[in-house]
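Visitor:
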Amino acid sequence: MKTWKCLFLCFVVLNLLSLTFNYGVSQSDEQQKNKFREREATDDALGYPNVDEDDLLNSQCPRHLELRWQTEVSSSIYASPLIADINSDGKLEVVVPSFVHYLEVLEGSDGDKVPGWPAFHQSTVHSSPLLYDIDKDGVREIGLATYNGEVLFFRVSGYLMSDKLEIPRLKVKKDWYVGLHPDPVDRSHPDVHDDQLIQEALMESMTQHNGSTLAANSSISFTPEVHNSLNTSTPIPEVRHDASNNTISTTDVQHDVQNASNLGNPGKKDVSQANAEINMPQNISSNTSSDSNTRRRLLEESVSDSGSKGNDAEDVHAATVENQGGLEADADSSFELFRDSEELADEYNYDYDDYVDETLWGDEEWTEAQHEKLEDFVHIDAHVLCTPVIADIDNDGVSEMIVGVSYFFDHEYYDNPENLKELGGIEIGKYVAGGIVVFNLDTRQVKWTAQLDLSTDTGSFRAYIYSSPTVVDLDGDGNLDILVGTSYGLFYVLDHKGHVREKFPLEMAEIQGAVVAADINDDGKIELVTTDTHGNVAAWTPQGKEIWEAHVKSLVPQGATIGDVDGDGHTDVVVPTISGNIYVLSGKDGSMVRPYPYRTHGRVMNQVLLVDLSRRGEKKKGLTIVTTSFDGYLYLIDGPTSCADVVDIGETSYSMVLADNVDGGDDLDLIVTTMNGNVFCFSTPSPHHPLKAWRSPNQGRNNVAHRYGHEGIYVTPSSRTFRDEEGKSFWVELEIVDRYRFPSGSQAPYNVTISLLVPGNYQGERTIKQNQVFDRSGIHRVKLPTVGVRTAGTVLVEMIDKNGLYFSDDFSLTFHMYYYKLLKWLLVFPMLGMFGVLVIMRPQDAMPLPSFSRNTDL
């Protein structure tokens, strides 16, 4: 009897164990697969359609654009420019960040260069300029983040200030990558406590031992990759432990924010939530070889490393404006000078050193500071590949600058043996990391840093940060959260102290575009939209729950733009792709909005512009999609019909098309910049409105949604007119627009801050602020004091709604500038007074004038 009981108990236990094992295997398989990374960008392997110029230029819906002016700057324009009134003279300027060495400022009226500009710097630029009064003198300086990890500030005169923000290097363990699985995305077996890895390590140890013996006898050397592939002398778990304990960043305030994950998150893990096995920095390692050029994706011709690997696309050429035709004989002979020919004329044979002194150019290039040499640690250089964001994230009244930083060793810089020698013989391709650095702009010191990812430069997913952080209040606590996607395929949400929020990061393929925070389904709440290089577009709740996702089958290079494209009253999501297709997705469920996608004839590499181009008196629904393509055309696509009008600019562009009343008229102008270094200003027949303007890609901070007729704040025309103010105070009339409908209701309360920036010789506070909270939209009036000195000033109006979305407007005016007009009255009034006295006090009776001839007494 006891035997049967024992057998029965054993049978039950075995069944339970088998069920548990099967459940664990199924759970493991579910977590190993990620639907976003499983997909491929198949459309990127297809060729581009041939350009039918006659069909494009003979549009059925002409927009009647006119070229106002065109200007050429010093080099290519990769990042989007900035439209602003930097001189407080009532006229707009275009601040252009040329790719190499120069920041340029152009007059908005005619495109001429402003006196004192361009300003020189030693680096290259991947970010757009921004405005901030860094020295509290009442004038907003132009901030520019450079490739070599500095944020420079330029005065409006073009002078480079000595005050700058320097991003510290990242300190990581030198051998962090030793013993890691070669492919961090391969989850067929764990990276730790795995028998297969231990066996491979033992085999590798034997191979290395034999190889080293052979090398001693035969003088045969082995590459460093072989010796560093696995650490056979240290157990795998110990390497993991050491790596995870030393991936911290050098900051004043350090937080224990390890790569990617919050291991203490309770609850069931979402399928798209990143697994702990790949999130920690030590698990991010090399994979297959890839391009080591880290300077964004500038002029790369490989359309996608991540999509359609099985398709043969060797004969498919990307559509560009390059002329592939042959030259005539005379023209071809002119290039003999550049060819390796020994029959050159004598006038070309000279000693290069006799004419050129390379030392004269030494100060034009940036150099890295000396590295701190530690035995077990490496300090990785900091680089900025995206635009920083300025905001008061912790609601303490002090603005912070949030910078997405990519840490790596620049291959071009360290190709110089002298520079490489300074690193001490490390493999520079083994150290790539990404993180967030926050500066206190009052003290100009690092407030805190958060390291996100750590990888090598040869993996399929690398830890660069290409997109600007987005700051928005997701939980309504008054503090701003930081949203950022990395090229490692992780979407992070950090709180105002740098801690990763619960349920994050979420896992996708490589994320190159900025994370969008906007109300896309018209429920009055914030949703989050992410895109990746495998063609995935996903919408999430602030808690990290997926709302919908769509696959557009092509790499998405930029973040989405939000607006009601077709005029049906529902918000849409517009996504550009390098296949040339422009997709419009429903914000409610992610479905395709017909008749889209619209097909261009080249890659679309910039964030698209949504603008209302309806004419005066024209009642038209929907918006116009404005973008450039690598086929050399500027596209203006009608939202409801997808009918397009094009302008042949003959050049390619990575930067966003901007819109505002640039030339001082009453119509809306478009600013287009190209990789050839040209800046175009096109005028449209559409009347200007402050809410139609799009002066920077994120409209000041975190807004990529169309504002006109939806939500925003602007100063009314009567108040924004450039004028001279006298007396003790003046009124500013502003209007809050909120067209949200039931059931979402309004986005009140509206926290409005009006700032008066006073430069010049004013002795008081240079920034006079007033904070007011409005509970309703509409027109409001605010009273501001004047200053008692003769100077110019700028009024900056900022609004934050209940979701933390940022809206702004500004205008310029002067104080007591025309006091000299009173001088003439100082002369005229006394004369008029004396004349009046003489007239009033003249005698009433006629009397003869005194005369010596009638004086009989003489």
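Positions -22 to -1, 1 to 836 (mature numbering (1 follows the signal peptide of the UniProt record, and there is no 0)) are the ones given, in order, by the sequence shown. We put the CB at the ideal spot given by N, CA and C, even for glycine. Predicted model only: the values in this text are computed from it and were never measured.
1. On the DSSP bridge list, what partners appear for Asp623?
2. Considering only residues of the same chain and omitting the five flanking positions on each side of Phe752, which have a CB-CB separation below 8 Å?
3. Does the region 589 to 596 come into contact with the region 659 to 673, if we say contact requires no fewer than three beta-carbon pairs (one atom in each stretch) closer than 8 Å?
4. Where Trp154 and Asp359 are concerned, what is the direct C-alpha to C-alpha distance, given to the nearest angstrom?
5. What is the DSSP secondary structure of residue 837, counted as helix, strand or coil?
6. Strictly by DSSP, which residues pair up with residue 853?
7. Among Val625, Phe608 and Arg118, which one has its Cα closest to the Cα of Asp788?
8. May I have the straight-line CA-CA distance separating Pro573 from Arg673, to the nearest angstrom?
9. Tell me the DSSP bridge mates of Cys39?
10. Using the Cα positions of Val156 and Thr464, report the straight-line distance between them to the nearest angstrom.
11. In chain order, what residues of the same chain have a beta carbon less than 6 Å from the beta carbon of Leu(-4), not counting five sequence neighbours either side?
12. How big is the Cα-Cα spacing for Val416 and Lys597?
13. Can you give me the C-alpha to C-alpha distance between Leu461 and Asp32, rounded to a whole angstrom?
14. Is it true that the CB of Ser101 sits closer than 7 Å to the CB of Asn126?
15. Would DSSP call Phe132 helix, strand or coil?
16. Closer than 8 Å by C-beta to Ser52: which residues in its own chain qualify, once you throw out the five before and the five after it? Chain order, please.
17. Can you name the residues that DSSP bridges to Cys659?
18. Among the residues of its own chain, which have a CB less than 8 Å from the CB of Arg717, if the five just before and after it don't count?
19. Between Val817, Tyr391, Leu810 and Leu734, which lies nearest to Asp111 when the distance is taken from Cα to Cα?
20. Are the beta-carbon atoms belonging to Phe482 and Thr508 less than 7 Å from one another?
21. In whole angstroms, what separates the C-alpha of Asp451 from that of Tyr796?
22. Give me, in chain order, the residues of the same chain whose beta-carbon lies closer than 6 Å to that of Met583; leave out the 5 immediate sequence neighbours on both sides.
23. Do the CB positions of Val562 and Asp546 come within less than 7 Å of each other?
24. Of the residues Thr792, Ser786 and His794, which one's Cα is nearest the Cα of Leu109?
25. I'd like the list of long-range same chain contacts for His579, defined as Cβ closer than 7 Å, with 5 residues on each side in sequence excluded.
26. Which of the three DSSP states, helix, strand or coil, is assigned to Ser284?
27. Report yes or no: do the region 418 to 431 and the region 394 to 407 share at least 3 C-beta pairs separated by less than 8 Å?
28. For Ile627, which residues in the same chain have their Cβ closer than 6 Å to its Cβ, ignoring the five residues on either side in sequence?
29. So the candidates are Lys152, Leu484, Pro695 and Lys503; which of them puts its Cα closest to the Cα of Lys523?
30. Do Ala517 and Ile525 come within 7 Å of each other at the CB atom, strictly closer than that value?
31. In chain order, what residues of the same chain lie with their CB nearer than 8 Å to the CB of Glu71, ignoring the 5 residues before and after it?
32. Here's the rule I'm using: 16 or more other beta-carbon atoms within 10 Å means buried, otherwise exposed. How should Val815 be labelled?
33. Return yes when the C-beta of Gly476 is under 6 Å from any heavy atom of the ligand ZN, and no when it is not.
34. Should Val640 go down as buried or exposed, given a rule of 16 or more other Cβ atoms within 10 Å for buried?
35. Considering only the beta carbon of each residue, do Gly116 and Arg744 sit closer than 7 Å?
36. Nearest by alpha-carbon distance to His529: which of Gly541, Ala495, Met486 and Lys503 is it?
Guide: Once the coordinates are examined:
1. Residue pairing by DSSP places Asp623 opposite Leu614 in a beta bridge.
2. Sequence-distant Cβ neighbours of Phe752 in its own chain, meaning closer than 8 Å and more than five residues away, are Ile714, Ala726, Pro727, Tyr728, Val730 and His758.
3. Verdict: yes, contact present.
4. The C-alpha of Trp154 lies about 17 Å from the C-alpha of Asp359.
5. Here the chain covers residues -22 to 836 and nothing more, so residue 837 does not appear.
6. Because the chain in this structure spans residues -22 to 836, residue 853 falls outside the shown range and cannot be described.
7. That would be Arg118, whose Cα lies nearest to the Cα of Asp788.
8. In a straight line, the C-alpha of Pro573 is about 29 Å away from that of Arg673.
9. Bridge partners of Cys39: none, in fact.
10. A straight line joining the alpha-carbon of Val156 with that of Thr464 spans about 23 Å.
11. Summary for Leu(-4): the model assigns pLDDT 45, below 50, so the residue's position carries little reliability, and this model does not support an answer.
12. Cα to Cα, the separation comes out at about 46 Å.
13. Cα-Cα distance, rounded: 45 Å.
14. A contact, by the Cβ cut-off of 7 Å.
15. Under the three-state reduction of DSSP output, Phe132 falls in the strand class.
16. Excluding residues up to 5 positions away in sequence, Ser76, Val78, His79, Tyr80, Glu82, Pro96 and Gly655 lie with their Cβ nearer than 8 Å to the Cβ of Ser52 in the same chain.
17. Beta-bridge analysis with DSSP links Cys659 to Trp47 and Ile649.
18. Counting only residues of its own chain and dropping the five nearest sequence neighbours on each side, Arg717 has a CB closer than 8 Å to the CB of Gly687, His688 and Glu689.
19. The shortest Cα separation from Asp111 among Val817, Tyr391, Leu810 and Leu734 belongs to Leu734.
20. The beta carbons of Phe482 and Thr508 sit no closer together than 7 Å.
21. In a straight line, the C-alpha of Asp451 is about 45 Å away from that of Tyr796.
22. Same-chain partners within the cutoff: Pro535 and Tyr632.
23. No. Outside cutoff.
24. Nearest of Thr792, Ser786 and His794 to Leu109, Cα basis: Ser786.
25. Taken in chain order, the residues that qualify are Tyr26, Pro27, Val29, Ala297, Gly558, Ser607 and Asp609.
26. Annotation note: pLDDT 43 at Ser284 (below 50); position unreliable, no value reported.
27. For the pair of segments examined, the region 418 to 431 was found not to touch the region 394 to 407: the number of CB pairs separated by less than 8 Å stays below three.
28. Cβ within range, chain order: Leu612.
29. When Lys152, Leu484, Pro695 and Lys503 are compared, the shortest CA-CA separation from Lys523 is found for Leu484.
30. Result yes, Cβ atoms of Ile525 and Ala517 sit closer than 7 Å.
31. So the list reads Ile61, Ala62, Asp63, Ile64, Asn65, Val83, Leu84, Glu85, Gly86 and Val92, once near-sequence residues are dropped.
32. By the 10 Å Cβ count, Val815 comes out exposed.
33. Among the components of this structure there are no ligands whatsoever, and the ligand ZN is therefore not found.
34. The C-beta of Val640 has 16 or more other C-beta atoms within 10 Å across all chains shown, which makes the residue buried.
35. When the beta-carbon positions are compared, Gly116 and Arg744 come within less than 7 Å of each other.
36. Comparing Cα-Cα distances from His529 to each of Gly541, Ala495, Met486 and Lys503, the minimum goes to Met486.
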